[in-house]
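Right, one structure below, let's go through it.
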Amino acid sequence: MRIFIVEEQLVQITKEVIDAHQYPFDIHLVSEPAAILRDIGELPNIYFLTADSADDAWQIRELDVHGYLIFFTDCAGALHDIVGQYIAPTAYIVRQEEISRSWDDIAFALQSVFSRETLRQNTNCFVFDNENRVAYEDILYFETIPRTRKVMLHTRSGTYIIADFLKNIKAELVSHEEFSGVNSYLINLNNVTRIDRKNGIIAFKGDAQIHAGRRVISTVYKDFQAQYPH
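When the sequence shown is numbered by the UniProt record's numbering, its final residue is 230 and no position is left out of the sequence of numbers.
Encoded structure:
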């Protein structure tokens, strides 16, 4: 994750905060707020903006809905104008005469970003074995390994063995409408590209496919049609 900074005087103190807390943030200095829009890259990011750059902040927010906007201002009164823009900033920092006095405020803001981003990433991930995380969007399907208390998780980037029953995983993902399955399979409908009911085949993004029984095919096809009505 990058921190876009417009004011060069904030670079050193921000670097000190990052180093002190070992945050996984990279500093990217730009000449003006508009330059951020040309180099926004992978999302989400952190943006250090001035109170008079609300228009640019609007455009940044449209591109980076999960981004973290932190406003710096010389006047506390100017913050009310930002609040009225409904840009959903992460923090406001009133600039001190000596920039070093802003250390605690910057540290607090970045701690907030780090905590929120960690929570957001965990919320968008399937967590297993207490430490392994796979983004839901990368999951293709789960399948029971016969005669074991284990499940094989197939993803876009590889496979994992999970020491658990499939019924427990189904219960954990019951609120996720993109998952459908019965018997030995749990399918991520968002990654299904084709269902061949005649030949009992479910195809996924990345050329993966499975051969399944009639009940599995029927259930997944019904849920797929409901999720993506034509």
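Cβ coordinates follow ideal geometry from the N, Cα and C atoms, glycine included.
According to the neighbour-count rule (16 or more other Cβ atoms, all chains shown, within 10 Å of its Cβ), is residue i buried or exposed?
| i | result |
| --- | --- |
| P33 | buried |
| A135 | exposed |
| G84 | Residue confidence for G84 is low, a pLDDT of 48 falling below 50, so the modelled location carries little weight and cannot support an answer. |
| S180 | buried |
| S102 | buried |
| A57 | buried |
| H211 | exposed |
| V220 | buried |
| L153 | buried |
| I145 | exposed |
| V192 | buried |
| D64 | buried |
| L119 | exposed |
Could you tell me the distance, in whole angstroms, from the CA atom of residue i to the CA atom of residue j?
| i | j | result |
| --- | --- | --- |
| R156 | A51 | 43 Å |
| T90 | Y160 | 36 Å |
| S218 | G67 | 41 Å |
| S115 | I70 | 15 Å |
| V174 | V127 | 15 Å |
| F142 | A163 | 12 Å |
| R149 | K167 | 11 Å |
| A109 | A20 | 14 Å |
| E7 | E62 | 23 Å |
| S112 | I106 | 10 Å |
| I93 | V17 | 15 Å |
| D129 | N188 | 20 Å |
| S53 | E97 | 21 Å |
| Y228 | G213 | 22 Å |
| F25 | N124 | 20 Å |
| A35 | T14 | 20 Å |
| E42 | A203 | 29 Å |
| E178 | K205 | 15 Å |
| S200 | R194 | Note that residue 200 is Gly in the sequence shown, not Ser. Approximately 11 Å between the Cα atoms of the pair. |
| I5 | I46 | 9 Å |
| F224 | Y185 | 14 Å |
Where do the ends of the alpha helix (DSSP H) carrying residue i lie?
| i | result |
| --- | --- |
| T172 | In the sequence as displayed, the identity of residue 172 is Glu instead of Thr. It spans 166–172 - the alpha helix (DSSP H) in which E172 sits, taken as one unbroken run. |
| T123 | 103–123 |
| L63 | 54–63 |
| S218 | 214–227 |
What are the start and end residues of the beta strand (DSSP E) that includes residue i?
| i | result |
| --- | --- |
| I210 | 209–211 |
| D26 | 26–29 |
| I46 | 46–50 |
| A203 | 201–204 |
| R2 | 2–5 |
| Y68 | 68–73 |
Quick one: grab the DSSP three-state call for residue i.
| i | result |
| --- | --- |
| D156 | The sequence as given places Arg at residue 156; Asp does not occur at that position. Reduced to three states, the DSSP call for R156 is coil. |
| N188 | strand |
| S180 | strand |
| Y23 | coil |
| D196 | strand |
| Y136 | helix |
| T144 | strand |
| I40 | coil |
| A91 | strand |
Pop quiz: residue i and residue j are said to be a contact at Cβ under 8 Å. What is the actual Cβ separation, rounded to whole angstroms?
| i | j | result |
| --- | --- | --- |
| L37 | I60 | 7 Å |
| V151 | I139 | Wrong, their Cβ atoms sit about 12 Å apart, outside the cutoff. |
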